[in-house]
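Residue numbers (my numbering): 6 to 199.
Glycine included, C-beta positions come from ideal geometry on N, C-alpha and C.
Keep in mind the model is a prediction, meaning the values are calculated, not measured.
If you want it as structure tokens, here you go:
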């Protein structure tokens, strides 16, 4: 039953695939071992715990998401870049709803890799904010604001909380983007004084 040459990349790829198919709640090292055709104990040669593996998956997801966000920003600036960022974020979550949920577990995890991955997720947002005339302090506020809007909406929508009334969630998301852009322009003009 064993499989020779089990690589860490195989483990990560199959873990992501299994979470995508069966959901985060049902994910276990035992189920992953079955999928990899190895004994559960064999996985412990590569990961020390389920939490460690989930941290690796979360880092992978954030790296993959960052690449998608940066691709969406390519050749765009200002309001067009912010709009593209919002759409790319939502599109990623729609395409990877269960895997995205692993990111929600990050605050409970520790480690340098997790800290680095969490820090890099701010990169695309900081990139779009460079196009606005904001003080360094306002950039931090706006970065948190935009990330909270995208993440909050995506999380609520992902869990089904925005599907019970009209207008459709997509229209609400466009409204959210418009409000975010208006707020960015207000901040440029001296709004929200320190």
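Asked: Through-space distance from residue 10 to residue 50, alpha-carbon basis; Found: 12 angstroms
Asked: Nearest residue (CA-CA) to residue 60, options 122, 147 and 131; Found: 122
Asked: Run of the alpha helix (DSSP H) containing residue 32, from where it starts to where it stops; Found: Residue 32 -> no alpha helix (DSSP H), and no H or E assigned at all.
Asked: Beta-carbon proximity of residue 101 to residue 133, cut-off 9 angstroms; Found: no
Asked: Reduced DSSP secondary structure (H/G/I, E/B, other) of residue 191; Found: helix
Asked: Contact between the segment 157-166 and the segment 90-98 (3+ Cβ pairs under 8 angstroms); Found: yes
Asked: Coarse secondary structure for residue 136, derived from DSSP in three states; Found: coil
Asked: Collapsed DSSP secondary structure at residue 1 in the structure displayed; Found: The question about residue 1 has no answer, for the chain in this structure spans 6 to 199.
Asked: For residue 87 and residue 197, the rounded distance between their alpha carbons; Found: Residue confidence is low: residue 197 scores 49 on pLDDT, short of 50, so the model does not pin down where it sits. No coordinate-derived value is stated.
Asked: Start-to-end residues for the alpha helix (DSSP H) that takes in residue 17; Found: 13-27
Asked: Pairwise C-alpha distance: residue 163 and residue 175; Found: 13 angstroms
Asked: Residue closest to residue 128, alpha-carbon to alpha-carbon, out of 145, 20 and 40; Found: 145
Asked: Endpoints, the alpha helix (DSSP H) within which residue 83 is located; Found: 83-100
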